[in-house]
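There are 2 protein chains.
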Amino acid sequence: MISKNQLKLLRALGQKKQRKALGLFLVQGEKNVLELASSTLTVKHVFATADFLEQNQATLERFECIEASLDDLTKASTLVSNNAAIAVVEIPTFEAPVAQGMMIALDGVQDPGNLGTIIRVADWYGIKHIVASQDCADPYNPKTISATMGSFGRVQVHQLDLPNYLEQASLPVYGAFLEGESVHKTEFAAEGILLMGSESHGIRAQAAAFVTDKITIPAFGGAESLNVAMATGIILDNMRRQHS
Amino acid sequence: MISKNQLKLLRALGQKKQRKALGLFLVQGEKNVLELASSTLTVKHVFATADFLEQNQATLERFECIEASLDDLTKASTLVSNNAAIAVVEIPTFEAPVAQGMMIALDGVQDPGNLGTIIRVADWYGIKHIVASQDCADPYNPKTISATMGSFGRVQVHQLDLPNYLEQASLPVYGAFLEGESVHKTEFAAEGILLMGSESHGIRAQAAAFVTDKITIPAFGGAESLNVAMATGIILDNMRRQHS
Numbered sequence: 001m002i003s004k005n006q007l008k009l010l011r012a013l014g015q016k017k018q019r020k021a022l023g024l025f026l027v028q029g030e031k032n033v034l035e036l037a038s039s040t041l042t043v044k045h046v047f048a049t050a051d052f053l054e055q056n057q058a059t060l061e062r063f064e065c066i067e068a069s070l071d072d073l074t075k076a077s078t079l080v081s082n083n084a085a086i087a088v089v090e091i092p093t094f095e096a097p098v099a100q101g102m103m104i105a106l107d108g109v110q111d112p113g114n115l116g117t118i119i120r121v122a123d124w125y126g127i128k129h130i131v132a133s134q135d136c137a138d139p140y141n142p143k144t145i146s147a148t149m150g151s152f153g154r155v156q157v158h159q160l161d162l163p164n165y166l167e168q169a170s171l172p173v174y175g176a177f178l179e180g181e182s183v184h185k186t187e188f189a190a191e192g193i194l195l196m197g198s199e200s201h202g203i204r205a206q207a208a209a210f211v212t213d214k215i216t217i218p219a220f221g222g223a224e225s226l227n228v229a230m231a232t233g234i235i236l237d238n239m240r241r242q243h244s
Numbered sequence: 001m002i003s004k005n006q007l008k009l010l011r012a013l014g015q016k017k018q019r020k021a022l023g024l025f026l027v028q029g030e031k032n033v034l035e036l037a038s039s040t041l042t043v044k045h046v047f048a049t050a051d052f053l054e055q056n057q058a059t060l061e062r063f064e065c066i067e068a069s070l071d072d073l074t075k076a077s078t079l080v081s082n083n084a085a086i087a088v089v090e091i092p093t094f095e096a097p098v099a100q101g102m103m104i105a106l107d108g109v110q111d112p113g114n115l116g117t118i119i120r121v122a123d124w125y126g127i128k129h130i131v132a133s134q135d136c137a138d139p140y141n142p143k144t145i146s147a148t149m150g151s152f153g154r155v156q157v158h159q160l161d162l163p164n165y166l167e168q169a170s171l172p173v174y175g176a177f178l179e180g181e182s183v184h185k186t187e188f189a190a191e192g193i194l195l196m197g198s199e200s201h202g203i204r205a206q207a208a209a210f211v212t213d214k215i216t217i218p219a220f221g222g223a224e225s226l227n228v229a230m231a232t233g234i235i236l237d238n239m240r241r242q243h244s
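Protein chains in written order, with the numbering used here: chain A, 1 to 244; chain B, 1 to 244.
Right, dumping it as structure tokens:
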């Protein structure tokens, strides 16, 4: 059963301020909770239905599990869909990554769902680190975690002073602009940073100053733009086809 | 002002059954409504704020426009975000397309947001026709229209008997399967149908029977799958790089 205090905690973790104050975040949904078993994250509690706990006994054995009804879990959840499992997890602390290999940089990407989708596609293409401006969506927002479909455990998102980071990095910075060179013709270096801006503002001047190569996805039809997560995936595919 | 009967109509059009019975659908949001001006769709009414109507007088001149407050529009909207404009539009009728050029086929893609994102990326890559199984999301669902970001006017979605359509089509059918050939190595024909299944069920046997080439997006990391809209965009990019 979920106690009153536990319910209060789960509700509180829907808010960024509380996540920051408590150093905790929520992982919701069966697939995402099961992914925790193979991650290095520190899990405080797993709340889940009796069925889920029984079916996944071996996977969950090192976690403190608390049985709850689907009804109570749904009430406690910050997401709309039914949840057979919710975990409370410690927000990890890690150093800003050394700029090496293939990386993603995000400037002002504020939609949590987009950020989560970018984390998922980054994981698909084997990207381990995303650096993000301070005004990007919170990587620990429940909507972000949910959209990662489990990839949150394999990709680190670092919120930092983005222009400063790009200035220090000794890697090519590929910035996505509508007027850039076609990614079908770009010769990508084996190591580099893919810089994406928000759909509404693009890459802002402060970060754009450190772009070494402007690139674009060639358009063949009438759409004016692509969703930022979609564009990130398509460009990563173009980078990886040259450097797998 | 939005009259009581008009409000009733707007609300009704949130439901598929009512859209079908009335032959009408909703186009919401400023960008989507403005796209109507360059489409061949028949617009019944545009409800919009005084500001919006004034700013876009020339674009909207051939439509019957009704002024409404942002408050009333938000109440009438089926979407969460604020809407300065809502249009009521006739659902067009068109014949099933002849199988030619590059096309997309969708088998059981039930999420309206995914369908809308697929329409948008199809438009980016110059695809004019999507054929979809009867159990796909309704192309006139407000969430679908919203996610197309205006591309709904340039891409036709045809719901039909998909296996039958694929059987009749004399084009290669590229089916996305996890065990297919890498799209980085596939030689795509200049004309062909890209067949995508749902994230949970993949391409079902009845449609899979007509696949001529199994393809896949090569994975480099830990993610088990990609969102169906993302995968569609990445594969289209791979097709178009060979045939622009």
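Ideal Cβ placement from N, Cα and C applies to all residues, glycine included.
These numbers were taken from a predicted model, which means no experiment stands behind them.
The stretch 98-117 of chain A makes no contact with the stretch 81-89 of chain A: fewer than 3 CB pairs, one atom from each, lie closer than 8 angstroms. Nearest CB-CB separation between A:Gly108 and chain B: not below the 8 angstroms threshold.
The beta carbon of A:Asp123 falls within 8 angstroms of a beta carbon belonging to chain B, placing the residue at that interface. Taking a C-beta cut-off of 8 angstroms against chain A, the contacting residues of the stretch 206-233 of chain B are Ile217, Pro218, Ala219, Phe220, Gly221, Gly222, Ala223, Glu224, Ser225, Leu226, Asn227, Ala229, Met230, Gly233, listed in chain order. Note on A:Asn114: 16 or more other CB atoms within 10 angstroms of its CB, so buried under the neighbour-count rule. With fewer than 16 other CB atoms across the displayed protein chains lying within 10 angstroms of its CB, A:Thr40 is exposed. For A:Thr74, the enclosing alpha helix (DSSP H) has its first and last residue at 70-76. The Cβ atoms of B:Glu191 and B:Asn227 lie no closer than 8 angstroms to each other. Taking C-beta atoms under 8 angstroms as the contact rule, B:Leu236 and B:Leu194 qualify, at a distance of about 7 angstroms. Sequence-distant Cβ neighbours of A:Leu79 in its own chain, meaning closer than 8 angstroms and more than five residues away, are Gln28, Gly29, Pro142, Lys143, Ser146. For B:Leu171, there is no enclosing beta strand (DSSP E), as DSSP marks it with neither H nor E. DSSP places B:Lys44 within a strand segment (E or B) once states are collapsed to three. When rounded, the separation of the alpha-carbon atoms in A:Val173 and A:Asp213 is 6 angstroms. Scanning chain B for C-beta atoms nearer than 7 angstroms to the C-beta of A:His184 yields Arg241, reported in chain order. Interface criterion not met: the Cβ of B:Thr40 is under 8 angstroms from no Cβ in chain A. Segment contact: the stretch 56-63 of chain B against the stretch 121-134 of chain B, fewer than three CB-CB distances shorter than 8 angstroms; contact not assigned. For A:Leu194, the uninterrupted beta strand (DSSP E) segment begins and ends at 192-197. Of all residues in the stretch 74-86 of chain A, none comes within less than 8 angstroms of chain B when Cβ atoms are compared.
For the set B:Ile217, B:Lys185, B:Gly150, B:Glu181, the Cα lying nearest the Cα of B:Ile119 is the one of B:Gly150. Here B:Met149 carries a coil assignment [DSSP, helix/strand/coil].
For a cut-off of 8 angstroms, the C-beta gap from B:Val121 to B:Gly233 is around 4 angstroms, short enough to register as a contact. Excluding its 5 nearest sequence neighbours in each direction, B:Lys44 has C-beta neighbours in its own chain below 6 angstroms: Val88, listed in chain order. For a Cβ distance threshold of 9 angstroms, residue set Phe220, Gly221 of chain A lies close to B:Ile127, ordered along the chain.
A check of alpha carbon separations from A:Ala96 across A:Ser77, A:Asn164, A:Asp138 identifies A:Asn164 as the nearest. For B:Ile130, the three-state secondary structure derived from DSSP is strand. Residue burial is scored here from C-beta neighbours: A:His201 has fewer than 16 other C-beta atoms within 10 angstroms and is therefore classed as exposed. Within 9 angstroms of the CB of B:Arg154, the CB atoms of chain A belong to Gly221, Gly222, Ala223, in sequence order along the chain.
B:Asp213 is bridged by DSSP to B:Tyr174. Among the residues facing chain A, B:Asp111 is not included, as its CB has no counterpart in that chain under 8 angstroms away. Distance between A:Gly126 and B:Phe220, taken at the CA atoms: about 5 angstroms. Within the model, the alpha-carbon separation for B:Met239 versus A:Asn238 is close to 12 angstroms. In this structure, the alpha-carbon of A:Trp124 lies about 16 angstroms from that of B:Ala176.
Against chain B, the CB of A:Ser146 has no partner CB under 8 angstroms away; the residue lies outside that interface. Beta-bridge partners of B:Glu181 (DSSP): B:Ile215.
CA-CA distance, A:Leu7 to A:Thr148, rounds to 24 angstroms. Interface with chain B (8 angstroms Cβ-Cβ cutoff): A:Thr59 is excluded.
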